[in-house]
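Presented below is the structure to which this report refers.
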Amino acid sequence: MNKPDTFELFDMEDEIKFREDKVEKMANACNYYINKEDHTLGNLIRMQLLQNKDVVFAGYKNAHPLKYDIDIKIQTVPDVTPRETLGVAVNELIDQIKSLKSQFQDELAKNQKHHANEMYGSSSGHSYDQNAWDQ
Numbered sequence: 000m001n002k003p004d005t006f007e008l009f010d011m012e013d014e015i016k017f018r019e020d021k022v023e024k025m026a027n028a029c030n031y032y033i034n035k036e037d038h039t040l041g042n043l044i045r046m047q048l049l050q051n052k053d054v055v056f057a058g059y060k061n062a063h064p065l066k067y068d069i070d071i072k073i074q075t076v077p078d079v080t081p082r083e084t085l086g087v088a089v090n091e092l093i094d095q096i097k098s099l100k101s102q103f104q105d106e107l108a109k110n111q112k113h114h115a116n117e118m119y120g121s122s123s124g125h126s127y128d129q130n131a132w133d134q
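So for the sequence shown, numbering that gives the first Met the number 0 puts the first residue at 0; every next one is plus one.
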């Protein structure tokens, strides 16, 4: 089978994770190679970059479906570097993920508290009903 072994997706022995290559034929443009990543990260970064008014172009590609690496191309306005916009985009994504995690944990805690009150009764006079599970 042509599919790479799952272990190869995170084993970084003697491999680089990230590389920056300046695009000589375009002003304010760079290509970024990210090893052992796929469309999940590529599309997240691209979409975040496109929300930045200083980004002229942002795109990514996965060169081959059986290889887990992506190339991201960024072109910016003259007074901002592609590296700066990539850093901003990654930090914004980290903040969004932290916020999502916090919201999830808050909702989970509310849900667990609500179900605990339903199961064991609460000060509102509700009591635990074993037959409720049998319905």
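Ideal placement from N, C-alpha and C gives every residue a C-beta, glycine not left out.
- As DSSP reads the structure, isoleucine 44 sits in no beta bridge.
- Within the region 24–105, the complete alpha helix (DSSP H) segments of 4 residues or longer fall at 38–49, listed in chain order.
- Between asparagine 27 and proline 64 the beta-carbon gap is near 31 Å, outside 8 Å, which marks them as no contact.
- With a beta-carbon spacing of about 6 Å, leucine 43 and leucine 92 fall inside the 8 Å limit used to define contacts.
- By DSSP's assignment, aspartate 20 forms a beta bridge with Asn30.
- At a Cβ-Cβ threshold of 8 Å, leucine 99 and isoleucine 69 do not count as neighbours.
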